[in-house]
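Chemist:
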Amino acid sequence: MRLSITLLSYFSVIAGVLGTDGPAIVLQDINENQKTLHTNDWADRIWKQVQGVSSCSGCQGLLLTFKSLANLGDRTFINTLQNVCKKSKVFSFNLPTESSLSKLLQVEDADVCDGTIELQGPIVAEALRNVAIGSKTAQHFCVTFLGLCKYPSVEEWDVPVPPDRAQRKRPVPSGRDPIKVVHYSDIHVDQLYTEGSSADCNKPICCRSFSEADEPGRTDSPAGPFGEHTCDSPASLEQSMYEAIKELVPDAAFTVFTGDIVDHSIWNTTWDYNEHQIITSYEHMDTHMSIVYGTAGNHEAHPTNAYQPSSLGDSSSWIYDLLAGTWSRWIGREAASKAAQIGAYSTKYPHGNLRVISLNTNLYYRGNFWLFQRKMLRDPSGQLDWLIQELHNAEKSGERVYIIGHMPLGDRNAFHDQSNYLNQIVNRYSATIAAMFFGHTHRDHFQITYSEAPNNTFENALLTSYIGPSLTPTSGMPSFRVYDVDPVTFAVLDVTTYSADMSSPTYQTQGPQWKKYYSAKETYGPLTNPPVTDPKAELSAAFWHNITEVFEKDQTVFDNYMLRLSRGWVQPECTDECRTSQICMLRAARSQDGCDVPTLGHSYHARMDNRAERDECGISVLQATFSALVAKKGVLEMFHEILASLNVKLHV
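Residues -19 to -1, 1 to 633 in mature numbering (1 follows the signal peptide of the UniProt record, and there is no 0) are what the sequence shown spells out, letter by letter.
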């Protein structure tokens, strides 16, 4: 198929790309320009490369072209991608046929495209201007933005941790009555949630009056007062959870909150908007909880995901100062001082021999475009070195340690290098670390750290990462967790998930009814040999490995696990390769072992509910826009036409 348009319609498209301050259209050789428009040699060659065995070579050609575009300046780069985003219908479920130009050029969700790329575009443009083609950073770009190339190999580094000459072992549980620890995550409170507005829209989140048709009284899908699955949490749902925690766990020792307060309206965040959201939610927590240990979520930043390493600048100082100020009431001045530097801290629990170390995992997140440097940073902001010091001091003092963070260290979006280095550190101090707690995925699950990964067995299972479900209902029923914890060793003895069933006929009329959804020990304990049912026995990493072996053998048990991911909302069909991949991820505290294989245009998929596909906590319009270029040939051809008008040098 050849994309042909009249010069009039062509120039109307290009005018939208350039804006008022972009370079003038070069009209020196109309005939040559027309030839480029109609033959699309570059688009054809790139398309064949990215669809074939030389897909990585095709990506390098694209990168050179992106680099040339970025060299024209931020404004031209942003305007171009905004228009590609809008014209390609990045957020449309029904993909346009290549024979239909009208569908291809249909504008949809313009504000989402414009706003997000306006905010994040300058960071990506700067990265492209500096990237060396063929480098490790270039390969990371191809994987992250286009789903092309393989993940680059981990840069080998023996992290300089002091040796454990004492050969310490994990302590056995004390047998004393457990204490309670609360864990919630990804609350994503939408202060602009409007009861009665449309819960059915084409935006990343709904339940706002985006247009007159979305306003209360004008829609066939009115939002209820306590939330919808297509929307982030209304303030009423957040308040309901805090009240439920106070009622159900009045004796909680402390609370772990693993980040993400700000909603998913990533196209119109501002410093003031995010600051208001963060302060408001932490004030509510302070009203209902005694001690809250928080972490920095990727959505707390503005632009979303953008945490600049300290060696590159101080653009993130505002969010670090803000978080340090809100956390200081619980963690003290010294810990808050460190949080103000890098968004991480270490503090002592005042009523026991426990140290809580909060990591800024955004410094290892693929969605943080500040990390795409010409030479990738081995230890952004020096956090790994600081973590070793804190763990070593805790070991010498005989303290137990909880590590908390937003993104799990084995998440598919964690850079493999830093995940590997963190895994080395965690291995070294596994006798001191009692457990780790994360969020970000919005799902109810866990990950296991091994001493001999990827040769994983119950004998070399060392530690468990407990990954908490979200309050926001976009991926399931709103939920939180309560851990039974040994008061001496701080080992996790049981995990109980509480949820509010949104399918209940009284949910919207009487409010959420928070009930026990399941206990890990009651559900899984009898399935191992020997059974683990003693209420004062630890749910060890070996126990969780044995449960993954049960998943391998018993499809019914595995199906029930998959149902619990969404807290009973969706029962996905997952067998054979799907089951193997899911179990692999449970055993992958190193992201390099996570069974995630890059897929062509992987950022460009369709959701079953006809809305835009997104990572639950890392939606990137820019990634989706770039992916559209290798997912739909018509978009690549349109991109070629825009580049030709700008005299951008094309590469294959």
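All residues carry an ideal CB built from backbone N, CA and C; glycine is no exception.
Using only the alpha-carbon positions, how far apart do Ala119 and Gln41 sit?
Modeler: Cα-Cα distance, rounded: 8 Å.
Chemist: Is it buried or exposed, Arg355, if we count other Cβ atoms within 10 angstroms and call 16 or more buried?
Modeler: The residue in question, Arg355, is exposed, as its Cβ has fewer than 16 Cβ neighbours within 10 Å.
Chemist: Would you call the CB atoms of Pro290 and Leu344 closer than 8 Å?
Modeler: It is a contact, given that the beta carbons lie within the stated cut-off.
Chemist: For Pro154, count the other beta carbons within 10 Å of its own beta carbon; 16 or more makes it buried, fewer makes it exposed. Which is it?
Modeler: Buried, since its Cβ has 16 or more Cβ neighbours within 10 Å.
Chemist: Would DSSP call Phe471 helix, strand or coil?
Modeler: Three-state DSSP puts Phe471 in coil, outside helix and strand.
Chemist: What do you get for Arg310, buried or exposed, if any count of 16 or more other CB atoms within 10 angstroms of its CB means buried?
Modeler: Arg310 comes out exposed.
Chemist: Give me the Cα-Cα distance between Ala282 and Thr307, rounded to the nearest whole angstrom.
Modeler: Their backbone Cα atoms lie some 15 Å apart in a straight line.
Chemist: Do Val463 and Tyr479 have their beta-carbon atoms positioned less than 8 Å apart in this structure?
Modeler: Closer than 8 Å, so yes.
Chemist: Just the Cα atoms here: how many angstroms apart are Gln87 and Thr175?
Modeler: Confidence is the limiting factor: at Gln87 the pLDDT is only 37, short of 50, which leaves the residue's position unreliable, though a coordinate-based value still follows. Answer to the nearest angstrom: the Cα atoms are 29 Å apart.
Chemist: Give the single residue among Pro361, Ser246, Asp232, Ile338 whose Cα lies nearest to the Cα of residue 642.
Modeler: Residue 642 cannot be examined here, being either before or after the span of the chain that is shown, -19 to 633.
Chemist: Leaving out five residues before and five after Thr514 in sequence, what residues of the same chain have Cβ atoms less than 6 Å from its Cβ?
Modeler: The answer, listed in chain order, is Gly506.
Chemist: Looking at the secondary structure, which residues open and close the alpha helix (DSSP H) in which Met619 lies?
Modeler: Unbroken alpha helix (DSSP H) run through Met619: 614 to 626.
Chemist: Skipping 5 residues on each side, what residues in its chain have a beta carbon closer than 7 Å to that of Phe620?
Modeler: Same-chain partners within the cutoff: Val65, Leu610.
Chemist: Quick one: using the 10 Å Cβ neighbour count with 16 as the cut-off for buried, is Asp467 buried or exposed?
Modeler: Buried, because 16 or more other Cβ atoms sit within 10 Å of the Cβ of Asp467.
Chemist: Does the distance from the CB of Asp398 to the CB of Glu136 come in under 8 Å?
Modeler: Cβ atoms of Asp398 and Glu136: closer than 8 Å.
Chemist: Determine the extent of the alpha helix (DSSP H) in which residue 639 is found, giving its start and end residues.
Modeler: Only positions -19 to 633 of the chain appear in the structure, and residue 639 is not among them; the question remains open.
Chemist: With a 10 Å radius around its C-beta and 16 neighbouring C-beta atoms as the bar for buried, classify Val112 as buried or exposed.
Modeler: So Val112 counts as buried.
Chemist: So the alpha helix (DSSP H) Ala119 belongs to, where does it begin and stop?
Modeler: Run containing Ala119: 117 to 122, per the alpha helix (DSSP H) assignment.
Chemist: Answer with buried or exposed for Pro284, where buried requires no fewer than 16 other C-beta atoms within 10 angstroms of its C-beta.
Modeler: Buried.
Chemist: Using only alpha-carbon positions, find the residue among Pro133, Ser246, Tyr223, Tyr402 that is nearest to Ser116.
Modeler: The shortest C-alpha separation from Ser116 is found at Pro133.
Chemist: Can you round the beta-carbon distance between Ile27 and Leu43 to whole angstroms, since I take them to be within the 8 Å contact cut?
Modeler: Between Leu43 and Ile27 the Cβ distance is about 6 Å, and since that is below 8 Å, they are a contact.
Chemist: I think Ala234 touches Lys131, with their Cβ atoms under 8 Å apart; what is that distance to the nearest whole Å?
Modeler: Contact doesn't hold; Cβ gap of about 45 Å is too wide.
Chemist: Given a cut-off of 8 Å on the beta-carbon distance, is the pair Pro103 and Thr470 in contact?
Modeler: Taking 8 Å as the Cβ cut-off, Pro103 and Thr470 do not qualify as a contacting pair.
Chemist: Going by other Cβ atoms of all chains shown within 10 Å of its Cβ, with 16 needed for buried, is Gln258 buried or exposed?
Modeler: It counts as buried.
Chemist: Of the residues Ser411, Arg381, Ala518, Trp367, which one's Cα is nearest the Cα of His332?
Modeler: Comparing Cα positions, the closest option is Arg381.
Chemist: For Lys502, report the span of its alpha helix (DSSP H) as first-last.
Modeler: Taken as a continuous stretch (DSSP letters only), the alpha helix (DSSP H) holding Lys502 covers 501 to 505.
Chemist: Considering only DSSP beta bridges, list what Gln428 is partnered with.
Modeler: Gln428 is bridged to Ser446.
Chemist: Are Arg568 and Asn374 close, meaning C-beta to C-beta below 8 Å?
Modeler: Not in contact: Arg568 and Asn374 (Cβ atoms no closer than 8 Å).
Chemist: Applying the criterion that 16 or more other CB atoms from any shown protein chain within 10 Å of the CB defines a buried residue, is Gly33 buried or exposed?
Modeler: Classification for Gly33: exposed.
Chemist: What does a CB cutoff of less than 6 Å around residue 648 pick up in its chain, not counting 5 residues either side in sequence?
Modeler: No statement about residue 648 is possible, as the shown extent of the chain runs from -19 to 633 and does not include it.
Chemist: Examine the Cβ distances between the segment 549 to 562 and the segment 404 to 414 and report whether three or more of them are shorter than 8 Å.
Modeler: Not touching, per the Cβ criterion.
Chemist: Using the rule of at least 16 other Cβ atoms within 10 Å of the residue's Cβ for burial, across every protein chain shown, is Trp252 buried or exposed?
Modeler: Exposed: under 16 other Cβ atoms inside 10 Å.
Chemist: Within its chain, find whatever has a CB closer than 7 Å to the CB of Ile429; leave out the 5 residues flanking it on each side and keep chain order.
Modeler: Answer for Ile429: Ala442, Thr445, Ala522, Trp525, His526, Leu567, Arg568, Ala570, listed in chain order.
Chemist: Determine which residues share a DSSP beta bridge with Thr236 and list them.
Modeler: According to DSSP, Thr236 bridges with Val163, Val273.
Chemist: Between which two residues does the beta strand (DSSP E) holding Leu335 run?
Modeler: Leu335 -> beta strand (DSSP E) spans 335 to 339.
Chemist: Do you know how far the Cα of Cys576 is from the Cα of Ser327?
Modeler: Between Ser327 and Cys576, the C-alpha separation is close to 32 Å.
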